[in-house]
Amino acid sequence: ICKMIPETLNIKLKEALEESAELSEAYQNDAQVSEMLDLAMKIEGLARSAGTHAAGVVVADEPISKYIPLQTITGKTDIITQWDGPTVEEVGLLKMDFLGLRNLTILDKAIQNVKNHHPHQQEIDPLKFPLDDPETCELLQRGETNGIFQLETGGMLDLLQKMKHENFHDIIATTAMKRPGPLEGGMVMTYVEVKHGRMATPKVHPFVYEILEETYGVIVYQEQVMEIATRVAGFSMGESDTLRRAMGKKDMAEMNRNRDAFVSGAKERGIGKEKAKEIYHLIKQFAEYGFNKSHSAAYAMVAYQTAYLKAHYPTEYMAALLTSEKDRTDKLIRYIHHCQESNIPVDPPDINESDRDFKVCSHRIRFGMGAVKNIGDAAVESILAARQEEGPFRTLYDLCSRVDQKNVHRRVIESQIKTGAIYYHSERQRSAMLHPTRDSLERARRVQA
């Protein structure tokens, strides 16, 4: 029966019966097929299953059960709405997406590294970093952005070196323009050329010039579209937001309605019809590529803070970054290579020196045991607890006798040996140490028993 339904995207069963003679014939002549399709058409379009938006949170002034139905998902305790996001918004509730960023954890870890390694820097606060720091701007201008939030991709490096960042506003604009539309549409090059004085600022009208002065005559942000509509045509903030949405979604009917209102409102403010049309065409041309400035500014702040830490505390920052990427081998290799290029030595793991995370030792980074394959958190915790209780491990047997062998088993020991983490001058080279591992573990097990 399924094969009789035409392969048309989102086709309805009723339409399929009209288009497929074979399906129609089966429906009319086979009672079982007829009953099945009648039942299917009754449930067609209903939600097949409930899913949870990863970051969506609904906010209301009263218990949400007063407004919409709620439910839980089998096996979970989280309360979710029975309606999807667009429907929730249509009835007037606020839906916000709260995103988790790995980079905030990196920032926190880097600051802890700075405090541990620089006792006089206990008051370091990312929210108090100067936003015109020369060293940070120079780092961005050189394109040394490996590990910097939002600014480390290949295309972004090219843009950074063209932009020659001088302040925080440049970073906001960069994070807003690093998308295919602005890059392909010439917005970026206009911004760059005007910024460096190689091109005159595009001028349409004094109102527009004032609004676009910070972005060198280019509409970069959605908020600029709204402000132009408000100042030139007298739109309310609600009306200007409707215009922004229509342009972003390319809703031609809504855009045409707004154009007439825009021209009419501009005329009331002494702006000629042709000039008003010209301004409307300008914002229409750029609106679909416009980015939310508040969103871009928040991302730019995290980007700047990570760049600041890398510029002033490169070893501490890279140690935090390596810890964050310890489970992703490809990135770990890439960032270790970057450390070597930046004259930041990364020493191999050491059973008596390494912690779970990568840590700063003088101006070097010690490889974290948590990043060694085949060594889980339980094994690392057991090793660290034994070391803290009785000091450094003196021999392979000493290690085996002091750790919990349920967690630190033969595979863990062999992985540590292969990385060079277990090495004693009184014993043989690491390749030769693999052989007595079983004997050491067995002897230690008998003693522990």
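Numbering (this note's numbering) for the sequence shown: 31 to 479. Glycine included, each C-beta is placed from N, C-alpha and C at the ideal position.
Alpha carbon of residue i to alpha carbon of residue j, nearest angstrom
i, j, result
"Pro-378", "Ala-328", "37 angstroms"
"Lys-356", "Pro-156", "24 angstroms"
"Thr-16", "Phe-237", "Because the chain spans 31 through 479 in this model, residue 16 falls outside it and cannot be assessed."
"Gly-130", "Asp-138", "14 angstroms"
"Glu-119", "Asn-288", "23 angstroms"
"Glu-304", "His-235", "12 angstroms"
"Leu-43", "Thr-272", "36 angstroms"
"Gln-229", "Pro-160", "Gln is not the amino acid found at residue 229; the sequence shown has Met there. Going by the C-alpha atoms only, they are around 30 angstroms apart."
"Leu-429", "Lys-340", "37 angstroms"
"Lys-72", "Glu-65", "11 angstroms"
"Ala-203", "Leu-426", "56 angstroms"
"Ser-79", "Asn-40", "18 angstroms"
"Ser-270", "Tyr-246", "22 angstroms"
"Gly-173", "Asp-200", "14 angstroms"
"Lys-279", "Gly-268", "17 angstroms"
"Ser-50", "Tyr-57", "11 angstroms"
"Leu-67", "Ile-363", "57 angstroms"
"Ile-109", "Leu-124", "16 angstroms"
"Leu-76", "Thr-111", "16 angstroms"
"Val-218", "Lys-192", "10 angstroms"
"Ile-98", "Trp-113", "8 angstroms"
"Pro-164", "Leu-242", "26 angstroms"
"Ser-456", "Pro-422", "Low confidence applies to Ser-456: its pLDDT is 42, below 50, so where it sits in the model is not reliable, and the reading given next is rough at best. Near 15 angstroms, if we compare the C-alpha coordinates of Pro-422 and Ser-456."
"Asn-143", "Leu-189", "31 angstroms"
Residue i, buried or exposed, once every other Cβ within 10 Å from all chains shown has been counted against 16
i, result
"Phe-6", "The structure shown has nothing for residue 6, since the chain only spans 31 to 479."
"Thr-488", "Summary: the structure shown does not reach residue 488, with the chain confined to residues 31 through 479, and so no result is reported for it."
"Gly-74", "Looking at the sequence shown, residue 74 is not Gly but Glu. Exposed: under 16 other Cβ atoms inside 10 Å."
"Gln-254", "buried"
"Asn-286", "exposed"
"Ser-95", "exposed"
"Ala-296", "buried"
"Ile-413", "buried"
"Asp-135", "A small correction: the amino acid at residue 135 is Thr; Asp does not occupy that position in the sequence shown. The residue is exposed, with fewer than 16 neighbouring Cβ atoms inside 10 Å."
"Arg-274", "buried"
Sub-8 angstroms separation of residue i and residue j beta-carbons
i, j, result
"Gly-115", "His-83", "yes"
"Val-63", "Ile-31", "yes"
"Ile-249", "Gly-302", "no"
"Lys-194", "Gln-180", "no"
"Arg-394", "Ser-384", "no"
"Leu-187", "Thr-175", "yes"
Contact with chain D by residue i, beta-carbon distance below 8 angstroms
i, result
"Thr-425", "You won't find chain D in this structure, because it holds only one protein chain."
**Asked** Okay, do the stretch 366-382 and the stretch 147-162 touch, 3+ Cβ pairs below 8 angstroms being the bar?
**Response** The way I'd put it, the stretch 366-382 doesn't touch the stretch 147-162; fewer than three beta-carbon pairs between them come closer than 8 angstroms.
**Prompt:** Does the stretch 308-315 come within contact of the stretch 333-352, defined as at least 3 CB pairs closer than 8 angstroms?
**Reply:** Taking a cut-off of 8 angstroms for Cβ pairs, the stretch 308-315 and the stretch 333-352 do not touch, as fewer than three such pairs fall below it.
**Request:** Taking 8 angstroms as the threshold, find out whether the stretch 397-416 comes into contact with the stretch 440-455 through three or more Cβ pairs.
**Result:** Taking 8 angstroms as the limit for Cβ pairs, the verdict is that the stretch 440-455 does touch the stretch 397-416.
**Request:** Please determine if the stretch 346-362 and the stretch 387-395 are in contact, where contact requires at least 3 C-beta pairs separated by less than 8 angstroms.
**Result:** The count of Cβ pairs closer than 8 angstroms, one atom from the stretch 346-362 and one from the stretch 387-395, reaches three, so the stretches are in contact.
**Asked** Would the stretch 90-97 and the stretch 45-61 be scored as touching if the rule is three or more Cβ pairs under 8 angstroms?
**Response** Between the stretch 90-97 and the stretch 45-61, the count of C-beta pairs closer than 8 angstroms stays below three; the two stretches do not touch.
**Asked** Enumerated in chain order, which unbroken segments of the alpha helix (DSSP H) with a length of 4 residues or greater are wholly contained in the stretch 338-405?
**Response** For the stretch 338-405, whole alpha helix (DSSP H) runs of length 4 or above, ordered along the chain, are 344-354 and 359-371.
**Message:** If we require 4 or more residues per run, which alpha helix (DSSP H) segments fall completely within the stretch 107-182?
**Reply:** Whole alpha helix (DSSP H) segments, 4+ residues: 115-120, 132-147 and 164-171.
**Prompt:** Quick one: complete beta strand (DSSP E) runs, 3+ long, within the stretch 275-335?
**Reply:** Annotation note: the stretch 275-335 contains no uninterrupted beta strand (DSSP E) run of length 3 or greater.
**4-residue-minimum alpha helix (DSSP H) runs that sit fully inside the stretch 34-121, ordered along the chain** = With a minimum length of 4 residues, the continuous alpha helix (DSSP H) runs that stay inside the stretch 34-121 are 43-49, 51-59, 61-73 and 115-120.
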